[in-house]
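Have a look at the structure below before the remarks.
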Amino acid sequence: MPQFEAQDSGKQLAIYETSCRALKGKTVPKNQVGILTAWFGRQMCDDSDYQTFLRTSYFVGAPVLAHFFIRDAEKVEKSSQLQPVAEDLARELGSIRQPLAVFVIATPQAAELPYLDQLPKGILDYRLKHTQEPTFVYKIIFGWGFTDMDYEDTDDHFSAPEIRSRQLGGIHLSFNEDYPTVCCGRLVEYMLRVLGHDLPGNEFPNYTPDEVEKIAWNIRRESFNAFSTMQGAIPKYPIVDGRPKFPF
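Counted the way my numbering counts, the sequence shown spans residues 672 to 919.
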């Protein structure tokens, strides 16, 4: 079953390379890829906010198949405490007999804990062994920021939370409890773009870590306010020859 243990290194790149090896030259139709979300942390498990996420997902037709929650993830000290959760997750991962995109969604506090490091690769290995179905795992830090924000980017593109999320093997999308609809809209939009729903054709794009980070970067700076245009917002990147053309 998927293991909740710390890994020495690898993070996003190791996850992507494992996905590529598992594909073995297959072409995966994007309309066959389902979504499983695994939520870590109390912040994302507020009933009203979660219902907002569900309504947004349903409205845009996101193919969400299953959800898992660990409400007190920030309080977990030993990986053995997650054994029941790992067993439930393993059963679900083994029962879904189709290509699957797993989105591991954590609060900044939960994302800092070492037991989340190995989970993405553990999911990939488990699915490869038990289903042989193509599987793609993406880690999202969904929150306002981190306790330690002393990070710099020499290219002046990324914010401190984005840089720290990259170090933790994921991407950053902000969550503000005063604007759950806007934040959940960004989250669902990110999922759909990663699955290639905005691209022509029906081939799953299997974006690189650099590409998924730039997708999130752009979404964070686009206007998702239903009542007015966000000041300083940028447009969505264009699609050129079937792939995104990012600003940098």
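Note that beta-carbon positions come from the ideal geometry of N, C-alpha and C, so glycine has one too.
Is DSSP giving residue 842 helix, strand or coil here? Here residue 842 sits in strand by DSSP.
Length of the line joining the Cα atoms of residue 804 and residue 865: Whole-angstrom Cα-Cα distance: 18 Å.
For residue 815, which three-state DSSP category applies? Reduced to three states, the DSSP call for residue 815 is coil.
Roughly how many whole angstroms lie between the Cα atoms of residue 792 and residue 916? When the Cα atoms are used, residue 792 and residue 916 turn out to be separated by approximately 29 Å.
Compute the beta-carbon to beta-carbon distance between residue 875 and residue 734, rounded to the nearest angstrom, for a pair I have assumed lies under 8 Å. Contact check for residue 875 and residue 734: beta-carbon distance about 12 Å, past the 8 Å limit, so the pair fails to qualify.
From the DSSP secondary-structure annotation, give me the bridge partner or partners of residue 741. Residue 741 has 711 as its beta-bridge partners, per DSSP.
Nearest CA to the CA of residue 814: which residue from 692, 776, 890 and 770? The option with the nearest alpha carbon to residue 814 is 776.
Alpha-carbon to alpha-carbon, residue 686 and residue 693: Going by C-alpha positions, residue 693 is about 11 Å away from residue 686.
Going by DSSP, which residues form a beta bridge with residue 810? As computed with DSSP, residue 810 is found in a beta bridge with 775.
Measuring only the C-alpha atoms, how far is residue 836 from residue 768? Roughly 31 Å between the two C-alpha positions.
Taking all protein chains shown into account, do 16 or more other C-beta atoms lie within 10 angstroms of the C-beta of residue 790, making it buried, or fewer, making it exposed? Result: buried.
Can you tell me which residues form a DSSP beta bridge with residue 884? Under DSSP, residue 884 shares a beta bridge with no residue.
Can we say the segment 728 to 743 touches the segment 831 to 848, given the rule of at least three CB pairs closer than 8 Å? At 8 Å Cβ cutoff, the stretches do not touch.
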